[in-house]
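Residue numbers (the numbering used here): 14 to 479.
The structure is reproduced here in structure tokens:
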């Protein structure tokens, strides 16, 4: 979200455009948080207001309106990854591959509730890591409802687990979540470096979420199992699940597995072969359409176009606000608050981003923080690693605090309401979510400070040598 050198705040007094554009951004985020309108519509309307204000104040210099195209051009790779992975996941999903994996894993549990709960968490972690946050959460929510209905279990604890563990899984790779994709792209973190830096945190925070949830819902899980009937009968029922039942064509099944594997390998080697993740994602999507009997029209319809529009709006808003100089002032203020102390900056950034992500949505919070961190890191490269890795952990896990804080929570809780007409209130969700978030906040801050102090984080090439 860089702007050309011609764009600057030459309006006098300078605080006026800062105040107006800042108010537009905050108002947009608040409307998104309170869900008064669809968030994509809100983002586009906010972007239109920001552009009108920026043009009125002359913030885009002599270039004028075409600066908007420049702003969007810097982030086209993010949109390419979203489009490509959406096509890939939809096409490969039709082969029955993901359902096959899920049923095979469930059979290993033999219907024992705590073991099933563990495997739901593991599957969530696996699917979100490979398929990204929204498709992985949606797939797991659907599978949980089917499994629980068959076994006679209440799906609420399992769906809450999906909602919370998915956010840890989104930390695993560069492309596992939208926030990680944005951060990795902005900081130019190689895919393998991202995996090395964030996977230990993803596993540790996911494990904490599992143990806390088992402690909170353990009695309910056992009570459901007792009410479901004879354990021997239950084991027989689970053993009778046929993992091949949803696989219509085994040739397409194996082709889908190969295409998915090649795409994951492509993500890991993209930098070495000199291409972007958007190229790999689009290649994976096209291979799936060519070799896995995909329906192009259907697959393209499944692309999250509302998410694309949401991003377009956010990029324009943040780019317009950046032209006022407000984000630079915010960056300087953040450094001042930290007093130049890395540990204090990490704590302040981590807590702020986690709380903001829980109530606003981690995507706009991340979009706003990236240019701020870029300025701080450009002026003080030693701060780049701890601040960016703090943002990775805080932005993804912050959504655990509230039922609207992440895509995974919205998907899982909506599935419960649609299937059983049962809502999970803010109080009930936050009882588990806020406790887990508090523990994870300490883990993120401690992990970043430990890794940074020992120099264990991979270098960020963008800021190396400055």
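By construction, the Cβ of each residue, glycine as well, lies at the ideal position given by its N, Cα and C atoms.
Report yes if the CB atom of residue i is closer than 8 angstroms to the CB atom of residue j, and no otherwise.
i           : j           : result
residue 216 : residue 445 : no
residue 285 : residue 97  : no
residue 30  : residue 73  : no
residue 179 : residue 146 : yes
residue 66  : residue 326 : no
residue 383 : residue 195 : yes
residue 157 : residue 150 : no
residue 154 : residue 409 : no
residue 361 : residue 350 : yes
residue 4   : residue 120 : This structure cannot speak to residue 4, because the chain is shown only from 14 to 479.
residue 266 : residue 109 : yes
residue 226 : residue 177 : yes
residue 218 : residue 456 : yes
residue 234 : residue 377 : no
residue 411 : residue 375 : yes
residue 134 : residue 254 : no
residue 467 : residue 402 : no
residue 373 : residue 46  : yes
Within the same chain, show all residues whose beta-carbon is closer than 8 angstroms to that of residue i, passing over the 5 residues directly before and after it, in chain order.
i           : result
residue 298 : 96, 97, 98, 99, 100, 101, 104 and 312
residue 246 : none
residue 236 : none
residue 441 : none
residue 435 : 169 and 429
Apart from the five residues on each side of it in sequence, which residues of its chain come closer than 6 angstroms, Cβ to Cβ, to residue i?
i           : result
residue 399 : 355, 359, 461 and 465
residue 26  : none
residue 256 : 113, 116 and 117
residue 32  : none
residue 111 : 152
residue 492 : Past the boundaries of the shown model lies residue 492; the chain is included only from 14 to 479, so the question cannot be answered.
residue 432 : 158
By alpha-carbon positions, which one of the options ends up nearest to residue i?
i           : options               : result
residue 269 : 463, 150, 113 and 321 : 113
residue 271 : 280, 450 and 300      : 300
residue 124 : 441, 181, 164 and 189 : 164
residue 61  : 224, 322, 439 and 432 : 322
residue 439 : 231, 431, 417 and 449 : 417
residue 283 : 419, 201 and 364      : 201
residue 315 : 372, 107 and 425      : 107
residue 52  : 86, 452, 318 and 433  : 318
residue 205 : 291, 233 and 279      : 279
residue 84  : 413, 234, 468 and 335 : 335
residue 363 : 45, 111, 448 and 453  : 453
residue 175 : 451, 413, 234 and 143 : 413
residue 330 : 54, 63 and 122        : 63
residue 347 : 328, 386 and 374      : 386
residue 78  : 273, 333, 132 and 344 : 333
residue 449 : 126, 181, 35 and 127  : 181
residue 221 : 131, 473, 49 and 372  : 131
residue 183 : 432, 467, 238 and 422 : 422
residue 190 : 474, 302, 406 and 253 : 406
residue 477 : 415, 393, 402 and 443 : 393
residue 443 : 260, 415 and 218      : 415
residue 232 : 468, 243 and 166      : 166
residue 188 : 136, 260, 263 and 277 : 277
residue 68  : 50, 34 and 46         : 34
When you measure from the CB of residue i to every non-hydrogen atom of the ligand NAD, does any distance come out below 7 angstroms?
i           : result
residue 181 : Of ligands this structure carries none, so the ligand NAD is not represented either.
So, does the CB of residue i fall closer than 8 angstroms to a CB anywhere in chain B?
i           : result
residue 379 : You won't find chain B in this structure, because it holds only one protein chain.
Can you list, in chain order, the residues of its chain with a C-beta nearer than 7 angstroms to that of residue i? Leave out the 5 residues immediately preceding and following it.
i           : result
residue 15  : Note that residue 15 scores 46 on pLDDT, short of 50, meaning its location in the model is unreliable; the coordinates nonetheless yield the value given after this. Only 87 meet the Cβ criterion.
residue 198 : 90 and 91
residue 93  : 291, 294 and 295
residue 341 : 388
residue 475 : 200 and 201
- Item | Ordered list of alpha helix (DSSP H) runs contained in the segment 351-408, each at least 4 residues | 355-373 and 375-392
- Query: Fully enclosed by the segment 78-144, which alpha helix (DSSP H) runs are 4 residues long or longer?
  - Reply: 80-86, 89-106, 110-122 and 126-144
- Decide yes or no for the touch test of the segment 38-50 against the segment 306-314: beta carbon pairs closer than 8 angstroms, at least 3 of them. no
- Query: Would you call the segment 386-406 and the segment 202-219 in contact, with 3 or more CB pairs under 8 angstroms?
  - Reply: yes
- Determine contact between the segment 367-384 and the segment 425-438, defined as no fewer than three beta-carbon pairs at a distance below 8 angstroms. no
- Complete runs of the alpha helix (DSSP H) confined to the segment 171-246 [at least 4 residues]: 191-200 and 204-240
- Message: Which complete alpha helix (DSSP H) runs does the segment 263-314 hold, if anything under 4 residues is left out?
- Response: 263-286, 290-304 and 309-314
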